[in-house]
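Trainee: Just so we're aligned, residue 1415 is where the sequence shown starts under the working numbering, counting upward by one.
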Amino acid sequence: MDTLIKKVVVTEKGAQLEGAKKYVVIVDTNANKVALKQEFTKRYGVKVAKVNLFTSPAKTKQKGKGIFVNKRPVLKKAIITLKKGEKAVDLIKLKKSVKK
C-alpha cells in the first residue's frame, strides 16, 4: 500500500503541539491537503479540522573548509489538526502504523 504519510516527527515542539491535538508528519512531496485529510481520517478514524503543509529546502553539508559532502533531501511536512471533541491519536501507535 502506497501511503502519503512517510514518518512521524517526534520533537519537543511536536510534543507540545500534541496537547492541542496537532500532529507533525513528514509526507510525500506530491501530497496535497485534501488527500492527506482523507488518508488520516481513513487510517485513524478521526475527523481532521485542517492541514498545514510546508517544505523544508535541501541543505548541503560541509566538511572542513569548503568541501561539500552531500545534500539533505527536500522534506515536505504537514501539521494535522483534529476537530474539537475528537479523541487524541497515540503517537507510539501512529509511528508503528506508519512503519508498516
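Note that CB positions come from ideal geometry on N, CA and C, so glycine has one too.
(1) Pull up the distance between the alpha-carbon of V1438 and that of A1429, whole angstroms please.
(2) Per DSSP, what kind of secondary structure is L1532 in: helix, strand or coil?
(3) Report buried or exposed for F1454, applying the criterion of at least 16 other Cβ atoms within 10 angstroms of its Cβ.
(4) Report the residue ranges of all alpha helix (DSSP H) runs contained in full by the region 1437–1491; include only those spanning at least 4 residues, in chain order.
(5) What do you get for I1494, buried or exposed, if any count of 16 or more other CB atoms within 10 angstroms of its CB means buried?
(6) To the nearest angstrom, report how far apart V1460 and F1468 are at their CA atoms.
(7) Verify whether the separation of the beta carbon atoms of Y1458 and V1488 is less than 8 Å.
(8) So for L1496, helix, strand or coil by DSSP?
Mentor: Per the coordinate set shown:
(1) For the purposes of this step, residue 1438 is taken as the residue at position 24 of the sequence shown. For the purposes of this step, residue 1429 is taken as the residue at position 15 of the sequence shown. Looking at the two C-alpha atoms, the distance is approximately 9 Å.
(2) Nothing about residue 1532 can be read from this structure; the chain reaches only from 1415 to 1514.
(3) Taking the sequence shown and counting its residues from 1, one reaches residue 1454 at position 40. Classification for F1454: buried.
(4) 1447–1458
(5) Position 80 of the sequence shown, counting from 1, holds the residue named residue 1494. Looking at its Cβ environment, which holds 16 or more other Cβ atoms inside 10 Å, I1494 is buried.
(6) Here the question's residue 1460 lines up with position 46 in the sequence shown. Here the question's residue 1468 lines up with position 54 in the sequence shown. Between V1460 and F1468, the C-alpha separation is close to 22 Å.
(7) Here residue 1458 refers to the residue found at position 44 when the sequence shown is read from its first residue. Here residue 1488 refers to the residue found at position 74 when the sequence shown is read from its first residue. Not closer than 8 Å, so no.
(8) By 1-based counting over the sequence shown, the position of residue 1496 is 82. DSSP places L1496 in strand when its eight states are reduced to three.
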